[in-house]
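Protein chains: 2
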Amino acid sequence: MGVVESRGPSVRAEREVPAAERSQLASYDPRAYDPIAVTVDVVAFTIRDRSGALGADGPLGRHALHVLLVRRGEMPYAGRWSLPGGFVRAHTAADGTRHEEDLPQAAVRELAEETGLAASDATATATVPHDLGRVHLEQLGTYGTPGRDPRMRVVSVAYLAFAPDLPDPTAGGDARAAAWVPVDAAAVIDPPELAFDHTRILADGLERARAKLEYTPLATAFAGERFTITELREVYEAVWGRPLHPGNFHRKVLSVPGFVEDTGATTAHGGARGGRRARLYRAGTAGLLHPALLRPTRERDA
Amino acid sequence: MGVVESRGPSVRAEREVPAAERSQLASYDPRAYDPIAVTVDVVAFTIRDRSGALGADGPLGRHALHVLLVRRGEMPYAGRWSLPGGFVRAHTAADGTRHEEDLPQAAVRELAEETGLAASDATATATVPHDLGRVHLEQLGTYGTPGRDPRMRVVSVAYLAFAPDLPDPTAGGDARAAAWVPVDAAAVIDPPELAFDHTRILADGLERARAKLEYTPLATAFAGERFTITELREVYEAVWGRPLHPGNFHRKVLSVPGFVEDTGATTAHGGARGGRRARLYRAGTAGLLHPALLRPTRERDA
DNA sequence: CCAATAGTGTCTCTCAGACAATATAGT
DNA sequence: ACTATATTGTCTGAGAGACACTATTGG
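Same order as they appear, the protein sequences are chains H and B. The opening position of the first sequence corresponds to residue 1 in the UniProt record's numbering, with each subsequent residue numbered one higher. The opening position of the second sequence corresponds to residue 1 in the UniProt record's numbering, with each subsequent residue numbered one higher.
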């Protein structure tokens, strides 16, 4: 039985409409209207060592969540930081050949173009997360409020990208510079001056990432091919912005079926200042975590 | 402290780019490319009595989840069922006045236009759910694969709408007919012949709705202003497609802070064939459910 | 009174979190 | 030895699900 019962009495309330009524608005030509530009913006997250004088030894250790930002070289918002992004390309060549980019493709291209970060290409459907090399990409949401771009009407499809420690970016495209910038727990409290509505997009992306760590094995996308339980915990701590209990986390992760697989190997050395060698794991096959790893102390409802 | 440490050493890896490198691709004119049309599609769900010969007395009682579909009157896919939707309007009038529609606005307009269902207007941000009268609207996702519309490149922003038992729709716009069609658990298994990629959009919307019932008070959007715990349970049963334990559900709902509020009143009569009168509740103020109402027996992982 | 529906009590099992204890490695 | 890190054990309380029981109401 299909989703739609299109036969017999199960479809009720269907009412044919007289042709007269049908004629108005029946044909709509989008070219009679102003064009709407379609862009993609990318919220790319990675975990890397906290650097610089600030918080180098914060309560959460050396690891911090970083987001990829570019400094805009063009108007509007020239000189401001923004998320990497740009127009989706679709054009017909002189010989009539169509050249059309899928949305995730455009996201990957912008990422590569504006930062010099390499990535394979994408072919999956818009809402299905997929891997590009070691990069996990998924759609975040679409932002199309009139006026969000002073130049014209722009509808922007935002993507989330998660990757293990990536190299420093190389600016390109119309970005004057690109950098991994640490994301703080204060992200939503005291927003920086990002271009357009990118402060909100970043906040939405951060919340999405935090939520997905709870019920998907997404955290393994931030870790290397093989990782220790402690490294996995550091991913959670960096994204959630709070320390977790090492013992309970360890037991919990191993108790979730399909989350991680034991490789049998261990790290070559113990900790720098002493300590046991840690077992190495790889990502398991589970698509969802059962039971989920819920964020601690969520006493903040409404 | 802001999300971006834009001062001093905390932003590392920033590298200025020589002007020569910067010039290429620096300015991008979207009008040099083929236009991309932007549309909205709406997945509107409601709970209503199952009708017709099929499944009138199924294992889940009389109530079933229904989705609003329209029968297309125009090419392409003329005569096929599809989700209500259409182009986002943006144009400059002769006197230079800009007339631009926000995305949620366009969704509401399409809903009203193609079905005759009334609704207030929308002003919130793209990704923030908001109410329009008794209708709850939220963004589902964006579908822009090249070729999904044979006429031209179309990027469609899909919205989810939830409403309590709505009246039968009246076709309008370029829809030849409109109807509430029952959504079966088989939705994803044996998809019907919906136009475009609407079968997938519907499946995505269904899964989103099922998931949101777990951790948000969304179910109250399907119920009337005042409702009994049994009615609320019937919403969950209809959306999840499986029966729930009445006693445990009752206790659970009342134990979640802010989910429902007692009105003090009860139903005027007991059940048709006897039974106690039920207390009447209204929606509470909680935005999230703690603890969540998890779907039963989710033994279906990967 | 009998059947049907609303609402409550009880028991068991799982799981999160606090805390403690053991195992192993570096210095 | 002494310290640091990994890993495992124990206990307690919250909550889900099974099941039984009480409270009302219509016929």
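Even glycine gets a Cβ: it sits at the ideal position worked out from N, Cα and C.
Cross-chain neighbours of residue i in chain B, by beta carbon under 8 Å
i: H/Y33; result: F87, R89, A90 and H91
DSSP three-state assignment for residue i, whether helix, strand or coil
i: B/E225; result: coil
i: B/A37; result: strand
i: B/R282; result: strand
i: B/E114; result: helix
i: B/R184; result: In the sequence as displayed, the identity of residue 184 of chain B is Asp instead of Arg. Note: B/D184 maps to coil in three-state DSSP.
i: B/R200; result: helix
i: B/T230; result: helix
i: B/E100; result: strand
i: H/E193; result: coil
i: B/Y143; result: strand
i: B/T170; result: coil
i: B/G86; result: strand
i: H/Y236; result: helix
i: B/V218; result: The residue you asked about is not Val; residue 218 of chain B is Leu in the sequence shown. Coil.
i: H/R151; result: coil
i: H/E138; result: strand
i: H/R48; result: strand
i: B/R80; result: coil
i: B/Y94; result: Correcting the residue identity first, residue 94 of chain B is Ala in this sequence and not Tyr. Coil.
i: B/R62; result: coil
Closer than 8 Å to chain H by CB, residue i
i: B/V38; result: yes
i: B/G79; result: no
i: B/G141; result: yes
i: B/E231; result: no
i: B/A26; result: Bear in mind that a pLDDT of 39 at B/A26, under 50, signals an unreliable position, so the model cannot answer this.
Contact list for residue i against chain H, beta-carbon separation under 8 Å
i: B/V155; result: V38, V88, L103, V155 and V157
Neighbour-count burial assignment, residue i, 16 or more Cβ in a 10 Å radius
i: H/S156; result: buried
i: B/H99; result: exposed
i: H/G144; result: buried
i: B/L206; result: buried
i: B/S82; result: buried
i: B/A268; result: exposed
i: B/P35; result: buried
i: B/M294; result: Reading off the sequence, residue 294 of chain B comes out as Leu, not Met. Exposed: under 16 other Cβ atoms inside 10 Å.
i: B/H245; result: exposed
i: B/P104; result: buried
i: H/P296; result: exposed
i: H/T263; result: exposed
i: B/G85; result: buried
i: H/R273; result: exposed
i: B/R50; result: buried
i: H/E193; result: exposed
i: H/E247; result: Residue identity differs from the one stated: residue 247 of chain H is Gly in this sequence, not Glu. Per the 10 Å Cβ criterion, exposed.
i: H/D184; result: buried
Interface flag, residue i vs chain B, CB-CB below 8 Å
i: H/P296; result: no
i: H/L293; result: no
i: H/S255; result: no
Near the ligand GTP: residue i beta-carbon under 7 Å from a heavy atom
i: H/L137; result: Judged by which ligands are present, the structure shown has none, so any question about the ligand GTP falls away.
Checklist entry - Which ranges would you report for the beta strand (DSSP E) in the segment 241 to 297 of chain B if only whole runs of at least 3 residues count? => result Segments of the beta strand (DSSP E) lying fully in the segment 241 to 297 of chain B: 260 to 266 and 279 to 283.
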